[in-house]
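K.L.:
In this note's numbering, the protein residues as written are 5 to 287.
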Ligand SMILES: Nc1ncnc2c1ncn2[C@@H]1O[C@H](COP(=O)(O)OP(=O)(O)OP(=O)(O)O)[C@@H](O)[C@H]1O
Ligand SMILES: [Mg+2]
């Protein structure tokens, strides 16, 4: 597997605070990588450094082997970025917005059509942006960031503030995009989203990465193993397989012969995060 994004002790200090503290990771080509953390944990600052918008205070980063600080003329064409603060021209249609940027980059308009299909906006592409939902606007921003055919796309909280249906459409767009081979670096607050989309995730807390692995391995390593026991049709109980009290209760139920079924229960990524970062995510 080829490494496409690298960070070595990447750090960014602002006047009084260290936003990102000596962070290191390596991301493989074609991977969907999630950076998860609370508000102010350092997610956006990390993206801004990797995409060349902010200089690291110390440490290094590379995109496809090229330095993020000193080789930006090479790294910038390789990446697309979507931040939630970006804007579209509201009085123009989705297609016109994309055509305008295509013209700026010298890209043919048939590429715009392909992207409109990728984001599944064919039916609304000739309507003005001001008539779009936030989710549709977000999809146009993703298409715009893909116009120059980048190898990597950075999505900073792509589903923040969206209703469940719009968020689902963005996730479907991200999955369709991953199938084309583009590497995706995303940040999110939503654990289920990361679990569904990401090959690997990193938890960032106070500027430091506290865990990095596949969602599956994180749940195995830090999640509490539990079972759900059905006693009667209307009575189900959940027991920890590590808590001695629970184990004892479970053993006595088993010896009574009162158990109908037992099912193992997988830990949620959210439980793992709470264990590692000590507080719940805001919803
Ligand atoms: N330009 C800046 N000047 C001073 N402090 C900053 C600046 N940008 C970010 N910070 C601080 O750095 C820390 C990390 O901010 P960052 O925006 O990276 O967090 P985040 O994880 O993206 O949070 P959110 O989930 O709210 O978007 C915060 O304490 C923030 O206030
Ligand atoms: Mg942010």
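Virtual Cβ for every residue (Gly too), placed ideally from N, Cα, C.
Please state the DSSP three-state secondary structure of residue 19.
P.N.:
coil
K.L.:
Buried or exposed: residue 55, going by 16 or more other Cβ atoms within 10 Å of its Cβ?
P.N.:
buried
K.L.:
Quick check on the contact list: which residues have their beta carbon closer than 7 Å to a heavy atom of ligand 2?
P.N.:
47, 48, 160, 161, 191
K.L.:
Once DSSP output is grouped into helix, strand and coil, what is the label at residue 71?
P.N.:
strand
K.L.:
CB of residue 171 to nearest heavy atom of ligand 1: below 7 Å?
P.N.:
no
K.L.:
So, under 8 Å CB-CB, residue 51 and residue 207 are touching, yes? Tell me the CB distance rounded to an integer number of Å.
P.N.:
Actually they are not in contact, since the Cβ atoms of residue 51 and residue 207 sit about 16 Å apart, beyond 8 Å.
K.L.:
DSSP state of residue 14, grouped into three classes?
P.N.:
strand
K.L.:
Evaluate residue 223 with the Cβ neighbour count: other Cβ atoms within 10 Å of its Cβ, from every protein chain shown; 16 or more gives buried, anything less gives exposed.
P.N.:
buried
K.L.:
Roughly how many angstroms separate the alpha carbons of residue 333 and residue 192, rounded to a whole number?
P.N.:
The structure shown has nothing for residue 333, since the chain only spans 5 to 287.
K.L.:
Are residue 150 and residue 109 touching if we call contact CB-CB under 8 Å?
P.N.:
Contact flag unset, no.
K.L.:
Under three-state DSSP, which class holds residue 276?
P.N.:
helix
K.L.:
Between residue 122 and residue 30, which are expected to be in contact by the criterion C-beta below 8 Å, what is the C-beta distance as a whole number of angstroms?
P.N.:
At roughly 28 Å, the Cβ-Cβ gap does not stay under 8 Å, so residue 122 and residue 30 are not in contact.
K.L.:
Does ligand 1 have even one heavy atom less than 7 Å from the beta-carbon of residue 2?
P.N.:
The requested residue 2 does not occur in the structure, where the chain is confined to residues 5 to 287.
K.L.:
Have a look at 85, 155, 147, 266 and flag the residue whose alpha-carbon is nearest the alpha-carbon of residue 237.
P.N.:
Per the Cα distances, 266.
K.L.:
Using a Cβ-Cβ cut-off of 6 Å (strictly less than) and excluding sequence neighbours within five positions of residue 213, which residues of its own chain qualify?
P.N.:
27, 206
K.L.:
At a cut-off of 7 Å, is residue 66 close to ligand 1 when judged by its beta-carbon and the heavy atoms of the ligand?
P.N.:
Outside the cutoff, so no.
K.L.:
Could you name the residues of the same chain whose beta carbon sits closer than 6 Å to that of residue 5, not counting the 5 residues immediately before and after it, in chain order?
P.N.:
32
K.L.:
Apart from the five residues on each side of it in sequence, which residues of its chain come closer than 7 Å, Cβ to Cβ, to residue 79?
P.N.:
56, 67, 70, 72
K.L.:
State buried or exposed for residue 255, treating a residue as buried only when at least 16 other CB atoms are found within 10 Å of its CB.
P.N.:
Counting Cβ neighbours within 10 Å, residue 255 comes out exposed, since fewer than 16 surround it.
K.L.:
Output the distance between the C-alpha atoms of residue 12 and residue 243, rounded to the nearest integer angstrom.
P.N.:
42 Å
K.L.:
So residue 90 is in the alpha helix (DSSP H); what residue range does that whole segment cover?
P.N.:
Run containing residue 90: none; DSSP gives neither H nor E here.
K.L.:
Within a Cβ cutoff of 8 Å, which residues of the same chain sit near residue 131, ignoring the five residues on either side of it in sequence?
P.N.:
97, 98
K.L.:
Using only CA atoms, which one of 209, 37, 8 lies nearest to residue 218?
P.N.:
By alpha-carbon distance to residue 218, the top candidate from 209, 37, 8 is 37.
K.L.:
With hydrogens ignored, establish whether the beta-carbon of residue 45 is closer than 7 Å to any heavy atom of ligand 1.
P.N.:
yes
K.L.:
Decide if residue 14 is buried, meaning its Cβ has at least 16 other Cβ atoms within 10 Å, or exposed.
P.N.:
buried
K.L.:
Does the beta-carbon distance from residue 49 to residue 16 come in below 8 Å?
P.N.:
It is a contact, given that the beta carbons lie within the stated cut-off.
K.L.:
Using 8 Å as the cut-off, can you tell me whether the region 138-149 makes contact with the region 164-184, which would need three or more C-beta pairs spanning the two stretches below that distance?
P.N.:
yes
K.L.:
Do you know how far the Cα of residue 271 is from the Cα of residue 83?
P.N.:
35 Å
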